[in-house]
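Quick note: the sequence shown uses this note's numbering, first residue 3, plus one each step.
Even glycine gets a Cβ: it sits at the ideal position worked out from N, Cα and C.
The structure presented is a predicted model; accordingly, all values stated were derived computationally and were not measured.
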Amino acid sequence: MVVDFRRKQGSGLNPLIISGEPVERVPSFKYLGVHLTQDLSWSLHMGHLVSKARQRLYFLRRLKKFKASLPCCSWADAYAA
3 MVVDFRRKQG SGLNPLIISG EPVERVPSFK YLGVHLTQDL SWSLHMGHLV
53 SKARQRLYFL RRLKKFKASL PCCSWADAYA A
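Below, the structure written as structure tokens:
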């Protein structure tokens, strides 16, 4: 991913070539669990985090019905899964 820090976005960038191969331009890239975008905004990354948290909370709410049969450590394991 190439990040352009110029204020005006244009197509005036020369293609980046490494070992004779041009580097593909992509709008976003996931690196070490962080979603990076061309404009370095947090919206895509935060959207993924919110979606992941919603899924886990839904799962925990479903497990709440079986609260009496699950030990406390199972709740933490279920959230971390």
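- [ ] Could you have a look at SER30 and say whether DSSP puts it in helix, strand or coil?
- [x] In this structure, SER30 counts as strand in the three-state DSSP scheme.
Task: Local conformation of LEU38 per DSSP, three classes - done: In this structure, DSSP gives LEU38 an extended state, which the three-state scheme calls strand.
Task: Proximal residues to HIS47 (C-beta, below 7 Å), its chain only, five neighbours per side dropped - done: Hits under 7 Å: VAL36, HIS37.
TODO: Return the CA-CA distance between ARG27 and SER21, expressed in angstroms with no decimal places.
DONE: Cα-Cα distance, rounded: 16 Å.
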